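Since the structure comes first, as structure tokens, the remarks are kept for the end.
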Amino acid sequence: MIENLEQQNLRSRGQTDFWIREQCQELILSDRQIEELMRRMILEINRGLRKETHPAADVKCFITYVQDLPNGKEKGKFLALDLGGTNFRVLLIHLKDENDFEMLSKIYAIPQSIMLGSGEQLFDHIAECLANFVKEHSVYDERLPLGFTFSFPLTQLGLTKGILARWTKGFNCSGVVGEDVVQLLKDAIARRGDVSITVMAILNDSTGTLMSCAHSNHNCRIGVIIGTGSNACYVEKVENCELFDGYMDPTKQHVLINTEWGAFGDNGALDFVRTEYDREIDHFSINPGRQIQEKMISGMYMGELARLAIVKFTKAGLLFGGVGSDILFKRGQFFTKYVSEIESDKPGTYNYCRDVLDELGLEHATDEDCANVRYICECVSSRAAHLVSAGIAALINKMDEKSVTVGVDGSVYRFHPKFHDLMTQKIRQFVKPGISFDLMLSEDGSGRGAALVAAVACREPH
Ligand code: GLC
3 MIENLEQQNL RSRGQTDFWI REQCQELILS DRQIEELMRR MILEINRGLR KETHPAADVK
63 CFITYVQDLP NGKEKGKFLA LDLGGTNFRV LLIHLKDEND FEMLSKIYAI PQSIMLGSGE
123 QLFDHIAECL ANFVKEHSVY DERLPLGFTF SFPLTQLGLT KGILARWTKG FNCSGVVGED
183 VVQLLKDAIA RRGDVSITVM AILNDSTGTL MSCAHSNHNC RIGVIIGTGS NACYVEKVEN
243 CELFDGYMDP TKQHVLINTE WGAFGDNGAL DFVRTEYDRE IDHFSINPGR QIQEKMISGM
303 YMGELARLAI VKFTKAGLLF GGVGSDILFK RGQFFTKYVS EIESDKPGTY NYCRDVLDEL
363 GLEHATDEDC ANVRYICECV SSRAAHLVSA GIAALINKMD EKSVTVGVDG SVYRFHPKFH
423 DLMTQKIRQF VKPGISFDLM LSEDGSGRGA ALVAAVACRE PH
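If you're matching positions, the sequence shown starts at 3 in the working numbering and goes up one per residue.
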């Protein structure tokens, strides 16, 4: 039978879709793989908690020394610093009532030269921003308590002492790993000599998220970040924390744990689900071999994962008639926000998708290309959502409470149109029968959370 041109096109279109779907299979996690991921995550968490296995564990489970959740009565004015997300911010927070607080904040750029420069430059810059901020807001001489949200792995030796274990995300300042970050901040402030600050606590953004949600929802026991990086904090029994150092108050049976689950997989535990795209991202990153799970999930990498798949299929002639563009072929030029935008199009329409492809110089894309690009984005983002879900379900089952609220923050969770639903569905599938949970968007965990940790710390006789 002789096919006419249209039939031939249809046939080859069907084949292109088929090949792309076929090759994207490796990005789809099966339920069995998720079960295995949960099992391995728990193993690593327990290894992180135990003294003997902690040094070699990849999920370190750092003790935060935060032992009190907010009771809703925290009040007063606090300063906060927030370093480690998309922006560096200084904040002034006035906690008034459980549901009433005021927050003033200012974003300061951290140029790449500082992110990759010396620690002294970084902390001088932070101190300068802080000094300018307190002057601008005339709280210069109030000596307000400060909470420092420092979103990197810290070995904490108390609420106000944290030794940097490693840099993550885009940072790599010299002379900071192995040092007490609070001390570096205090030294920088002292070098200036024009402001006086009381650092009440140093904390992780996942801890801030948990605290911020717990302030209004007393059921919150887990805080999760899916932003530039990815991490989780949860409430653990002190008796399981062999590395708890110092005085243990017998009236306090729990402590928050900063899991640093972004490093899950650094020992090879995720190799059974990693793809060539993951290996390439890792290879070209500033921290090869590290933060393996984070590189499969978070905003710093998700767009690049999609780009690598799109590039591969373009070069194989399966997308854009085999014709790419300079921007498409350049590393880092497919932003994670594009994934969210492309997936925001109504089914069968490609308005956002075309905007993105136009920006990339791919005006020649057909509707079929758009559908396939969208499919690739869906595979990448669903895998990320499912990896996070495996971690959350594992934590919920480990905690074994009847009902748990999970506070979630971060740009990916906030802006991706389906992340919340994908997570809710997957977690439901894997939590033990009889346990109920809900996911709650956190209200500025890094800012309000820092004020709350500082407020809770002010209650303590130190
Ligand atoms: C990285 C950091 C971690 C932080 C997370 C989210 O994983 O190591 O401390 O919580 O990013 O910002």
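Even for Gly, the Cβ is constructed at its ideal location relative to N, Cα and C.
Just so it is clear, the structure is predicted and the values come from calculations on it, not from any experiment.
1. When the Cβ atoms of the region 421-432 are set against those of the region 180-196, are three or more pairs found closer than 8 Å?
2. Going residue by residue through the region 338-372, where are the continuous alpha helix (DSSP H) segments of at least 4 residues, counting only ones entirely within it?
3. What is the rounded straight-line gap between the Cα of Q17 and the Cα of L321?
4. Can you tell me which residues form a DSSP beta bridge with L156?
5. Excluding the five sequence neighbours on either side, which residues of its own chain have a C-beta within less than 7 Å of the C-beta of I44, listed in chain order?
6. Give me the Cβ distance between K332 and A387, rounded to the nearest whole Å; I'm assuming they're in contact under 8 Å.
7. Tell me whether the beta-carbon of G449 lies closer than 8 Å to the beta-carbon of I95.
8. In the DSSP assignment, the alpha helix (DSSP H) including H56 goes from what residue to what residue?
9. Beta carbon of G225, beta carbon of C175: below 8 Å?
10. Where does S153 land, buried or exposed, given buried means 16+ other C-beta within 10 angstroms?
11. Does DSSP put G324 in a helix, in a strand, or in coil?
12. Using C-beta distances below 7 Å, list every residue in its chain close to E305, excluding the 5 sequence neighbours before and after it, in chain order.
13. Applying the criterion that 16 or more other CB atoms from any shown protein chain within 10 Å of the CB defines a buried residue, is Y249 buried or exposed?
14. Using 8 Å as the threshold, is the region 408-419 in touch with the region 46-60, meaning 3 or more CB pairs across them?
15. For N260, tell me which candidate among C235, T316, R34 has the shortest Cα-Cα distance.
16. Please confirm if the region 169-189 is in contact with the region 110-125, defined as three or more CB-CB distances below 8 Å between the two stretches.
17. Grab me the residues of L454's own chain with a C-beta within less than 7 Å of its C-beta, minus the 5 sequence neighbours each way, in chain order.
18. List the DSSP bridge partners of G225.
19. For the ligand GLC, is there a heavy atom less than 7 Å away from the beta-carbon of D155?
20. For V92, list the residues DSSP reports as bridge partners.
21. Tell me whether the beta-carbon of S232 lies closer than 8 Å to the beta-carbon of I299.
22. Would you kindly work out how many angstroms separate the C-alpha atoms of H464 and D347, rounded to a whole number?
On the basis of the supplied data:
1. no
2. 338-344, 353-361
3. Numbered from 1 along the sequence shown, position 15 holds the residue referred to as residue 17. Numbered from 1 along the sequence shown, position 319 holds the residue referred to as residue 321. Each residue's Cα considered, the two are about 12 Å apart.
4. As a working mapping, residue 156 is identified with position 154 in the sequence shown. L156 pairs with L166.
5. Walking along the sequence shown from the start, residue 44 turns up at place 42. Once the five neighbours on either side are set aside, the close Cβ partners of I44 are A396, K400.
6. Numbered from its first residue, the sequence shown carries residue 332 at position 330. Numbered from its first residue, the sequence shown carries residue 387 at position 385. 27 Å between Cβ atoms; not a contact.
7. Within the sequence shown, residue 449 is the residue found at index 447, counting from 1. Within the sequence shown, residue 95 is the residue found at index 93, counting from 1. Yes.
8. To locate residue 56, count along the sequence shown from 1; it is residue 54. Neither: H56 is in no alpha helix (DSSP H) and is coded neither H nor E.
9. In the sequence shown, the residue the question calls residue 225 occupies position 223. In the sequence shown, the residue the question calls residue 175 occupies position 173. Cβ atoms of G225 and C175: not closer than 8 Å.
10. Here residue 153 is taken as the residue at index 151 of the sequence shown, counted from 1. Per the 10 Å Cβ criterion, buried.
11. As a working note, residue 324 is residue 322 in the sequence shown. Residue state, collapsed to three classes: helix.
12. On the sequence shown, residue 305 is found 303 positions in, with the first residue counted as 1. First, the amino acid is wrong: residue 305 is Gly here, not Glu. Taken in chain order, the residues that qualify are F336, F337, T338, Y340, V341.
13. Translated into the one-based positions of the sequence shown, residue 249 becomes position 247. Result: exposed.
14. no
15. The residue you call residue 260 lines up with position 258 of the sequence shown. The residue with the shortest Cα to Cα distance from N260 is C235.
16. yes
17. The residue you call residue 454 lines up with position 452 of the sequence shown. Excluding residues within five positions, the ones whose Cβ falls inside 7 Å are P72, E76, M213, S214, H217.
18. In the sequence shown, counting from the first residue as 1, residue 225 sits at position 223. Looking at the DSSP assignment, G225 forms a beta bridge with C235, G409.
19. Along the sequence shown, read from residue 1 onward, the residue named residue 155 stands at position 153. Reading the sequence as shown, one finds Pro at residue 155 and not Asp. Correct: P155 has its Cβ closer than 7 Å to the ligand GLC.
20. Here the question's residue 92 lines up with position 90 in the sequence shown. L83, K108, per the DSSP bridge assignment.
21. Translated into the one-based positions of the sequence shown, residue 232 becomes position 230. Translated into the one-based positions of the sequence shown, residue 299 becomes position 297. In this structure, I299 lies closer than 8 Å to S232 by Cβ.
22. The residue you call residue 464 lines up with position 462 of the sequence shown. The residue you call residue 347 lines up with position 345 of the sequence shown. Residue placement at H464 is poorly supported in this model, since its pLDDT is 49, which falls under 50; the coordinates still yield a value, given next. C-alpha separation (whole angstroms): 54 Å.
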